[in-house]
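These notes concern the structure reproduced below.
So, in structure tokens, the structure goes:
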């Protein structure tokens, strides 16, 4: 199994795209088996497996920084950063935290747990990078429920004023504890059902199906966006 030979992000970077697809399925199976025993956030983590694999494949989070808003969806990130063996103790006293924690790993920058904090924290990190003249990307993963948080809006407003270069990944999975309301939520719904967005998506999918070997895999991924 690929998962048994994965001890850190450097091992992930050696895998092919086809192997990454197999690894994603192994991670899902692993999470289902472990969370059934320990409890935890299952669906939110199953929904970001490929996303987390892609981020760790592209970026070097020894130098770059990855922040998950709330961070309840960071289980795949924990697996990829060498904490797979700790999942038997997930959310247990003295065991693996259900959220990111700097006490567990240098790959976890902050101890998270509250919605809406990631963008302001990321902006602070980027400011620190610039002050120290340090190269590096700051990547933030935030859900469509958290992005409507007042603190997130304040951070986006401040971010636009300071013109900091952050990478913000919006996980628009339409999932939240209660129904997401407000103008921004309605805008997202209109956007993904709009003519321009769907026409562009169809054109890109048509092009990718003609790509040898990987075309069908890319096409299937795009269908889920």
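Residue numbers (the working numbering): 25 to 249.
C-beta: ideal position from N, C-alpha, C; glycine also.
Quantities reported herein were computed from a predicted structural model and do not represent experimental measurements.
If you drop the 5 nearest sequence neighbours on each side, which residues of the same chain put their C-beta closer than 6 Å to that of residue 133? Here the question's residue 133 lines up with position 109 in the chain shown. 89.
Alpha-carbon spacing of residue 80 relative to residue 36, whole angstroms: In the chain shown, the residue the question calls residue 80 occupies position 56. In the chain shown, the residue the question calls residue 36 occupies position 12. Distance between the alpha carbons of residue 80 and residue 36 is about 8 Å.
Grab me the residues of residue 144's own chain with a C-beta within less than 6 Å of its C-beta, minus the 5 sequence neighbours each way, in chain order. In the chain shown, counting from the first residue as 1, residue 144 sits at position 120. Non-local beta-carbon contacts of residue 144 in its own chain, meaning distances under 6 Å to residues more than five positions away in sequence, involve 179 in chain order.
Thinking residue 115 and residue 63 are a contact (beta carbons under 8 Å), I'd like their distance in whole angstroms, please. Reading the chain shown from its first residue, position 91 is the one you call residue 115. Reading the chain shown from its first residue, position 39 is the one you call residue 63. The Cβ separation is near 6 Å, so the contact holds.
Hey, out of 139, 113 and 103, whose CA is closest to residue 129's CA? The count along the chain shown starts at 1 and reaches residue 129 at position 105. Cα-wise, what sits closest to residue 129 is 103.
Where does residue 94 fall in DSSP's three states? As a first step, residue 94 is located in the chain shown; it is residue number 70 there, counting from the start. Residue 94: coil per DSSP, three-state reduction.
Does residue 173 come out as helix, strand or coil in the three-state DSSP assignment? Taking the chain shown and counting its residues from 1, the one referred to as residue 173 is at position 149. If DSSP states are grouped into helix, strand and coil, residue 173 belongs with coil.
Identify the continuous alpha helix (DSSP H) that holds residue 197 and give its terminal residues. Counted from its first residue, the chain shown places residue 197 at position 173. Note, residue 197: premise wrong, no alpha helix (DSSP H); not H, not E.
Quick one: residues in its chain with C-beta nearer than 6 Å to the C-beta of residue 162, no 5 flanking neighbours on either side, listed in chain order? Within the chain shown, the letter at position 138 stands for residue 162. Exclusion of the five residues before and after residue 162 leaves 89, 146, 149, 150 and 190 as the residues of its chain whose Cβ lies within less than 6 Å of its Cβ.
Taking 8 Å as the threshold (C-beta atoms), are residue 70 and residue 50 in contact? On the chain shown, position 26 is the one that residue 50 refers to. On the chain shown, position 46 is the one that residue 70 refers to. Going by C-beta atoms, residue 50 is not nearer than 8 Å to residue 70.
Counting Cβ pairs closer than 8 Å, one from the region 82-100 and one from the region 156-171, do we hit at least three? yes
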